[in-house]
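Colleague:
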Amino acid sequence: MFYIYSTCRNSRSYLLQIRTDCSRATRIPLQYPGRKDQQKYQQRTIMATFADAPPGDLAAGEKIFKTKCAQCHTVEKGGPNNQGPNLGGIFGRTSGTVAGFSYSKANKEMAVEWGENTLYDYLLNPKKYIPGTKMVFAGLKKPEDRANLIAYLKKASA
């Protein structure tokens with residue numbers, strides 16, 4: 001998904017959320033009290049892809065993993081599956097293929113090859129990226145958080 005910041009004739013601001021295949025666009029009205037907040041929001045929406053995101057911080061990514069992911073996932077290669085599948089060797093792997101884990105039908109059929117770009121989009125909102133997934137995680141809205149987590153996963157799951 002990518003986002004476009006837009007202002008209409010009546011000076012109302014909107015964020016257009018567009019799927020990468022351009023099949024659907026959603027207009028989200030923005031409400032913020034002042035110009036400083038508007039500038040922050042515009043800067044945040046520019047980072048719509050992994051290439052636009054800031055470089056990841058390993059320490060911050062490890063902290064995010066421990067607080068948001070470790071309850072369900074392990075990251076060591078060959079580690080056990082918990083409520084979620086083991087994430088060891090995730091980069092280059094196809095979704096729904098970890099042996100011994102019971103995936104949802106949607107996750108198996110989506111057949112996403114996990115890489116930096118696909119994880120960056122997925123981590124924003126997993127239920128929107130793969131409708132029907134069993135993953136109950138709401139997602140990471142901040143581009144920096146997603147970039148940090150991906151940097152940590154690249155190192156820890158190799």
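Per the UniProt record's numbering, residue 1 is the first one in the sequence shown, and the count goes up by one each step. Beta carbons: idealized from backbone N, C-alpha and C, even for Gly.
Do you know whose CA, among Leu-119, Thr-118 and Gly-139, lies nearest Lys-127's CA?
Modeller: Against the sequence shown, residue 127 aligns to sequence position 127. Considering only alpha carbons, the answer is Gly-139.
Colleague: For the pair the region 46-63 and the region 141-153, tell me if three or more CB-CB distances fall below 8 Å.
Modeller: These segments touch.
Colleague: Checking 7 Å against the spacing of the C-beta atoms, do Ala-158 and Leu-58 come in under that value?
Modeller: Taking the first residue of the sequence shown as position 1, residue 158 is located at position 158. Taking the first residue of the sequence shown as position 1, residue 58 is located at position 58. No, they are not a contact pair.
Colleague: Going by alpha carbons, who is nearest to Lys-141 out of Ala-111, Leu-119, Trp-114 and Ile-90?
Modeller: Residue 141 sits at position 141 when you count from the first residue of the sequence shown. Checking every option, the nearest Cα to that of Lys-141 belongs to Leu-119.
Colleague: For Ala-70 and Gly-89, what's the separation of their Cα atoms in angstroms?
Modeller: Mapped onto the sequence shown, residue 70 falls at position 70. Mapped onto the sequence shown, residue 89 falls at position 89. About 16 Å.
Colleague: Whole angstroms are fine: how far does the CA of Gly-100 sit from the CA of residue 163?
Modeller: Given that the chain is displayed from residue 1 to residue 158, the structure contains no residue 163 and the question cannot be resolved.
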